[in-house]
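Accompanying notes for the structure given below.
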Amino acid sequence: MQKPVSSTERQLQNLQSKKERLEREMQDIESDRGLVAYRAGSGPAPIATSAATASGGGGGKTDSSLVAARMKRMEEERKKREEGGFTTKAMRDLEKMKKAKVYSHAQIRVNFPDGTNLHAKFLPREKVSSIRSVIKSAFQPSLVESLDFDLYVAPPRRLLDNTKRLDEEELVPAAKIHVSWKVGGSPSGSYLRNELFSGGSNMAAFPDAKPIVKQKQSMVASAKANGGTNNSGGGPSKEELMMQKMLGKKPGLFGGKKSSSGDNKDDTKKGGGKPKWFK
Numbered sequence: 513m514q515k516p517v518s519s520t521e522r523q524l525q526n527l528q529s530k531k532e533r534l535e536r537e538m539q540d541i542e543s544d545r546g547l548v549a550y551r552a553g554s555g556p557a558p559i560a561t562s563a564a565t566a567s568g569g570g571g572g573k574t575d576s577s578l579v580a581a582r583m584k585r586m587e588e589e590r591k592k593r594e595e596g597g598f599t600t601k602a603m604r605d606l607e608k609m610k611k612a613k614v615y616s617h618a619q620i621r622v623n624f625p626d627g628t629n630l631h632a633k634f635l636p637r638e639k640v641s642s643i644r645s646v647i648k649s650a651f652q653p654s655l656v657e658s659l660d661f662d663l664y665v666a667p668p669r670r671l672l673d674n675t676k677r678l679d680e681e682e683l684v685p686a687a688k689i690h691v692s693w694k695v696g697g698s699p700s701g702s703y704l705r706n707e708l709f710s711g712g713s714n715m716a717a718f719p720d721a722k723p724i725v726k727q728k729q730s731m732v733a734s735a736k737a738n739g740g741t742n743n744s745g746g747g748p749s750k751e752e753l754m755m756q757k758m759l760g761k762k763p764g765l766f767g768g769k770k771s772s773s774g775d776n777k778d779d780t781k782k783g784g785g786k787p788k789w790f791k
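This is how it looks when you write it as C-alpha cells:
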C-alpha cells in the first residue's frame, strides 16, 4: 500500500517542481562562460570594508569575517531546531525552499597566489570539479599536465570538495575562491593563455535572481512577529545588506526601494548592478 503524502510533502514537491522550471528558464551558460583574466594590479579588485561600515559601529572585523560568523550562528540555530524535535525534516525543507532563490548563474572569481585572477560563470548545480576543469583549460597548453593545485575559500580557510555542487559549497550567487599550488606544481612565468587577458566584451555580470515563493505574505507574518514593523516597502534585509557589502555592491541589488528624494544618484546609473570587484 502506498504511503500517503502529507500536505507539507505535497507543498515541498510543488515548490521543487517550480524551482526546476525556473532553473530551466534562467540557467544557460553553455555558449559562453564569460572567461576572462586579469593580471596582478589590473582589473576589478576585491574590497575589504570594516565592520563599522557594515553595522555602523566600531570596526575591526571584515565583512567576510562577519558573514562567516553569521553562517556559524545559522548552523547552530539549525541544529537546535532539529534537536528540539518540534518540526519534521519535510517541514524544515519546506521553510528553506520558501526562502530560496533561483539564480541565473554563479559568478566565480579565482585568485592565484601572484595576484592574477580569472573570472567565469557556472551553474549552481555544477560541481567544484567544473571550476577545476575551467581553470585547467585556461592554462598554457604545455603546462596543463604539470600544474597541480587545491581550491579553497577564506576566511576561515576551507578546502573545496570537488564532488560537491557549487550551491552545496555556498558559492552561489557569487564567490571568490583561491588557488594554492601543490608542492612542485608552482609555475614559473606566464601560465594562463595570453588571449584571456584581452578582456573585450567578457565583463562579469552579477547573476539575475528570482524567488521561488514571493515574499509578500512572509513579510506580513514577519511584521506581526516583530511588533508591527515590516519591510514591505521593499528595503533589503540585514543579510542582504551584508552580502552587498561583502561583494562591493551598491544598494539596490536585491530590489530595495529607491530613495524618493532622488539624492542617491548611484541607484539610477545604468550598469550599477555589478559588484565593484566585478566591474
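For the sequence shown, this note's numbering gives the first residue as 513, with consecutive numbering after it.
Where a beta carbon is used, it is the ideal one built from N, C-alpha and C, also for glycine.
Legend entry - 8 Å CB neighbourhood of residue 532 in its chain, flanking five on each side removed: Taking the sequence shown and counting its residues from 1, one reaches residue 532 at position 20. Result list for residue 532: empty, nothing under 8 Å.
Legend entry - For residue 719 and residue 616, believed in contact at Cβ under 8 Å, the rounded distance: To locate residue 616, count along the sequence shown from 1; it is residue 104. To locate residue 719, count along the sequence shown from 1; it is residue 207. Yes, they are in contact, since the Cβ atoms of residue 616 and residue 719 sit about 5 Å apart, within 8 Å.
Inset, instruction - Could you pull out every residue in the same chain whose Cβ sits closer than 6 Å to the Cβ of residue 536, ignoring the five residues on either side in sequence? - result: Residue mapping note: residue 536 aligns to position 24 of the sequence shown, counting from 1. None.
Inset, instruction - Assign residue 675 to buried or exposed, taking buried as 16 or more other Cβ atoms, counted over all protein chains shown, within 10 Å of its Cβ. - result: Stepping through the sequence shown from its first residue, residue 675 is reached at position 163. The residue in question, residue 675, is exposed, as its Cβ has fewer than 16 Cβ neighbours within 10 Å.
Legend entry - Backbone secondary structure at residue 709 - three-state DSSP: For this step, residue 709 is matched to residue 197 along the sequence shown. In the displayed model, residue 709 falls within a helix according to three-state DSSP.
Legend entry - Distance CB(residue 699)-CB(residue 663) smaller than 8 Å: For the purposes of this step, residue 699 is identified with residue 187 of the sequence shown, where counting begins at 1. For the purposes of this step, residue 663 is identified with residue 151 of the sequence shown, where counting begins at 1. Contact flag unset, no.
Inset, instruction - Could you check which residue in 583, 521 and 701 has the C-alpha nearest to that of residue 609? - result: Reading the sequence shown from its first residue, position 97 is the one you call residue 609. Out of 583, 521 and 701, 521 has the C-alpha closest to the C-alpha of residue 609.
Legend entry - Nearest-angstrom beta carbon gap, residue 705 and residue 632 [assumed within contact, 8 Å]: Residue 632 sits at position 120 when you count from the first residue of the sequence shown. Residue 705 sits at position 193 when you count from the first residue of the sequence shown. Actually they do not touch by this definition, with Cβ atoms about 13 Å apart.
Inset, instruction - Can you have a look at residue 526 and say buried or exposed, based on whether 16 or more other CB atoms are within 10 angstroms of its CB? - result: By one-based count along the sequence shown, residue 526 stands at place 14. Flag for residue 526 reads exposed.
Inset, instruction - Find out if the Cβ-Cβ distance for the pair residue 687, residue 613 is shorter than 8 Å. - result: Numbered from 1 along the sequence shown, position 175 holds the residue referred to as residue 687. Numbered from 1 along the sequence shown, position 101 holds the residue referred to as residue 613. Contact flag unset, no.
Legend entry - Beta-carbon proximity list for residue 697, same chain, < 8 Å, skipping 5 on both sides: Against the sequence shown, residue 697 aligns to sequence position 185. Leaving aside the five residues that flank residue 697 on each side, the residues in its chain whose CB is nearer than 8 Å to its CB run, in chain order, 658, 659, 660 and 661.
Legend entry - residue 525: first and last residue of the uninterrupted alpha helix (DSSP H) it sits in: Counted from its first residue, the sequence shown places residue 525 at position 13. Segment 519–538, the alpha helix (DSSP H) holding residue 525.
Inset, instruction - List the residues that DSSP assigns as beta-bridge partners of residue 615. - result: As a working mapping, residue 615 is identified with position 103 in the sequence shown. Per DSSP, 721.
Legend entry - Beta carbon of residue 635 nearer than 8 Å to that of residue 541: In the sequence shown, counting from the first residue as 1, residue 635 sits at position 123. In the sequence shown, counting from the first residue as 1, residue 541 sits at position 29. Yes.
Inset, instruction - State the start and end residues of the unbroken alpha helix (DSSP H) segment that holds residue 640. - result: Position 128 of the sequence shown, counting from 1, holds the residue named residue 640. For residue 640, the uninterrupted alpha helix (DSSP H) segment begins and ends at 640–650.
Inset, instruction - Compare the C-alpha of residue 701 against each of 654, 644 and 637 and name the closest. - result: What you label residue 701 is simply residue 189 of the sequence shown in a count that begins at 1. Of 654, 644 and 637, the residue nearest in Cα terms is 654.
Inset, instruction - Using beta-carbon positions only, say whether residue 551 and residue 709 come within less than 8 Å of one another. - result: Position 39 of the sequence shown, counting from 1, holds the residue named residue 551. Position 197 of the sequence shown, counting from 1, holds the residue named residue 709. Yes.
Inset, instruction - Report yes if the CB atom of residue 639 is closer than 8 Å to the CB atom of residue 677, and no otherwise. - result: For the purposes of this step, residue 639 is taken as residue 127 along the sequence shown, with counting starting at 1. For the purposes of this step, residue 677 is taken as residue 165 along the sequence shown, with counting starting at 1. Going by C-beta atoms, residue 639 is nearer than 8 Å to residue 677.
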